[in-house]
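Beneath this line is the structure, given in structure tokens, with notes to follow.
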Amino acid sequence: MKRILIFLLIIISSGYNSNAQPSTELLPETNKVALNNWQVLRFGMFIHWGPVSLRGTEIGWSRGVQVPIEDYDKLYKEFDPILFNAYEWVKTAKDAGMKYIIMVTKHHDGFCLWPS
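Just so you know, we're using the working numbering here: the sequence shown kicks off at 328 and counts up by one.
Shown next, in the form of structure tokens:
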């Protein structure tokens with residue numbers, strides 16, 4: 328077992344170079360105009376809105392922690408994404424100085440704001 332660990336350490340360390348730079352070969356070209364426009368806007372809001380918002384906790388990570396699993400998994404039955412005032416949300420964001428809003432319509436917990 329000790330020999331295997333030493334062998335693995337040698338293999339891993341031989342490929343390690345602390346001066347190596349990450350390869351940009353496969354990265355897409357950045358749209359400089361779009362990036363600049365986004366940087367000028369600076370302050371905005373991402374809305375992650377789903378059933379768990381009924382419990383006032385962060386979406387997804389609260390399952391089984393802040394919200395019992397049995398409760399979390401049934402919240403979609405209570406959630407009605409029609410009953411909100413979009414104009415009020417936008418006005419609040421604008422009044423705070425926000426320049427953009429991004430609505431996350433499908434989050435990692437699997438809930439979609441449209442039938443799928």
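Think of the CB as a built atom: it goes at the ideal place given N, C-alpha and C, for glycine as much as any other residue.
- In its chain, beyond the 5 residues on either side, 433 have a beta carbon closer than 8 Å to the beta carbon of residue 443.
- With 16 or more other Cβ atoms from the protein chains shown falling within 10 Å of its own Cβ, residue 438 counts as buried.
- Restricting attention to 366, 363, 370 and 357, the CA atom closest to the CA of residue 423 is found in 370.
- Straight across, the Cα-Cα distance linking residue 414 with residue 374 is about 14 Å.
- In the DSSP secondary-structure assignment, residue 433 is bridged to 439.
- Following the DSSP letters along the chain, one finds residue 374 inside the beta strand (DSSP E) bounded by residues 371-375.
- For residue 378, the number of other beta carbons within 10 angstroms of its own is at least 16, and it is reported as buried.
- It is roughly 23 Å from the alpha-carbon of residue 372 to the alpha-carbon of residue 390.
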